[in-house]
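Asker:
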């Protein structure tokens, strides 16, 4: 799915951070590498390790306590 007509593909995670004004750079504060975040935000089929998913979810829960693994990943 392309977001805002700018031609970039976005995954569920990518769309979520776009809608909530969270930058990929800000998501790096979760302790996950820039390359992994980029891949997770653009490739719907890429599934993170449990450790990576946990870091991202724990970071996002600080901003929205209602987020869950199943919102973004098929785990």
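In our numbering, the protein residues as written are 272 to 346. The beta carbon of each residue, even a glycine, is placed where N, CA and C say it ideally should be.
(1) Let me know if residue 310 comes out buried or exposed under the rule of 16 or more other beta-carbons within 10 Å of its beta-carbon.
(2) Taking residue 321 as part of the alpha helix (DSSP H), name the residues at either end of that continuous run.
(3) For the alpha helix (DSSP H) that contains residue 285, what are its first and last residues?
(4) For residue 293 and residue 287, I'd like the C-alpha separation in whole angstroms.
(5) Looking only at its chain, what residues have a beta carbon closer than 8 Å to the beta carbon of residue 307, apart from the 5 residues adjacent to it on each side?
Answerer: In terms of the structure at hand:
(1) Exposed, by the Cβ-count rule.
(2) In the DSSP assignment, residue 321 falls within the unbroken alpha helix (DSSP H) covering 321-334.
(3) Residues 283-290.
(4) A direct Cα-to-Cα measurement between residue 293 and residue 287 gives close to 8 Å.
(5) Around residue 307: 319 and 323.
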